[in-house]
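Only one structure is covered here, and it is reproduced in the block below.
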Amino acid sequence: MNLLICPACGARTDVPRVEGSPAVVVCADCGHRRGFHRLPLLCLTGPSGTGKSTVCRELAARLSEHVVVLEQDVLWVDGLRDPAENHRAFRSTWLRVISMIQQNGRPVLLCGTVVPPEFEPLPERALFADVHYLALMCEPEVLAERLRRRPAWRGWSEPRIAETLEYAQWLRDEGASLSPPVGLLDTTGVPVAETVDAVCSWVAKTLGLAQALGESPA
């Protein structure tokens, strides 16, 4: 299951070598070639406060027969909070975990703030087919008010809120030009159920599951 350890010689690597179609992982030490599920990865992203966690809870029930839904913050622990290289330790750990989960044959939908420059340069990125991004967004004043209403233990000071608003504006301005591009879905004034429906439609279209999920293929 761990694609970074060769089942033939036991060698371990931090830079997986992936070749061919169907994809195989090639051991740099002994040359062993192992087939694996190189599936797409879906990322439901966006600034804090746009509804990712709320939507994630609903998606797990709606998509459970076809997609594994995971919430990124569960691994936001002391040992993985190093900000170096765009939080590389945190991002790499997630890609390694997801690649292992996907060996069960189902793609993963990861819910949490992430953008292509944080995943695309990593060596573990080779373990996936395309990575698709959809960002939940909302109007600045709505986002600021949502963050101010959060419990004190979450530490949402005014400077941190301002920083998040800047990030949201950057994503709004630059999302379409990133590689791969980040789609935007505005949640301002939209009921949670409608947002869940929209995300499910995006998942269905992206993975070619429209019929299985009861979505219109158009």
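In the numbering used here, the protein residues as written are 504 to 721.
All residues carry an ideal CB built from backbone N, CA and C; glycine is no exception.
**Request:** Report back the beta-carbon spacing between PRO620 and TYR636 to the nearest angstrom; my notes put them in contact at under 8 Å.
**Result:** Translated into the one-based positions of the sequence shown, residue 620 becomes position 117. Translated into the one-based positions of the sequence shown, residue 636 becomes position 133. With 8 Å as the limit, PRO620 and TYR636 do not qualify as a contact, their Cβ atoms being about 11 Å apart.
**Message:** Once the 5 residues before and after PRO720 are set aside, which same chain residues still bring their CB inside 6 Å of it?
**Reply:** Stepping through the sequence shown from its first residue, residue 720 is reached at position 217. A caution first: PRO720 carries a pLDDT of 48, below 50, which makes its placement in the model too unreliable to give a value.
**Request:** With a floor of 3 residues, list each beta strand (DSSP E) that falls wholly inside the segment 649–700, ordered by position along the chain.
**Result:** 685–689
**Asked** Roughly how many angstroms separate the alpha carbons of LEU547 and GLY534, rounded to a whole number?
**Response** Working through the sequence shown from its first residue, we reach residue 547 at position 44. Working through the sequence shown from its first residue, we reach residue 534 at position 31. LEU547 and GLY534: Cα-Cα distance of roughly 36 Å.
**Request:** Assign SER682 to buried or exposed, taking buried as 16 or more other Cβ atoms, counted over all protein chains shown, within 10 Å of its Cβ.
**Result:** Taking the sequence shown and counting its residues from 1, the one referred to as residue 682 is at position 179. By the 10 Å Cβ count, SER682 comes out exposed.
**Prompt:** Looking at C-alpha atoms only, which residue of ARG663, ILE664, LEU688 is the closest neighbour of ARG675?
**Reply:** Within the sequence shown, residue 675 is the residue found at index 172, counting from 1. Checked all of ARG663, ILE664, LEU688; the closest Cα to ARG675 is LEU688.
**Reduced DSSP category for VAL634 - H, G, I as helix; E, B as strand; rest coil** = Within the sequence shown, the letter at position 131 stands for residue 634. Looking at VAL634 - three-state DSSP - the assignment turns out to be strand.
**Prompt:** Mind checking whether PHE631 and LEU542 have CB atoms under 8 Å apart?
**Reply:** Within the sequence shown, the letter at position 128 stands for residue 631. Within the sequence shown, the letter at position 39 stands for residue 542. Contact flag set, yes.
**Request:** Would you give the residue range spanned by the beta strand (DSSP E) that LEU547 belongs to?
**Result:** In the sequence shown, the residue the question calls residue 547 occupies position 44. From DSSP, the beta strand (DSSP E) with LEU547 extends over 544–548.
**Request:** Output the residue ranges of the beta strand (DSSP E) runs that lie fully inside the segment 527–608 and measure 3 residues or longer, sorted by chain position.
**Result:** 527–529, 536–538, 544–548, 571–574
**Request:** Check whether the segment 665–679 touches the segment 548–556, counting contact only when three or more Cβ pairs, one atom from each stretch, lie closer than 8 Å.
**Result:** yes
**Item:** CYS703 classed as buried or exposed, judged by whether at least 16 other C-beta atoms fall within 10 angstroms
**Value:** On the sequence shown, residue 703 is found 200 positions in, with the first residue counted as 1. CYS703 should be labelled buried.
**Item:** Under 8 Å between C-beta atoms of ASP517 and PRO626
**Value:** Taking the sequence shown and counting its residues from 1, the one referred to as residue 517 is at position 14. Taking the sequence shown and counting its residues from 1, the one referred to as residue 626 is at position 123. Yes; because the gap between Cβ atoms is below 8 Å, this pair is in contact.
**Prompt:** At a Cβ threshold of 8 Å, is ASP633 touching chain B?
**Reply:** Looking at the structure shown, chain B is missing, and only one protein chain is on hand.
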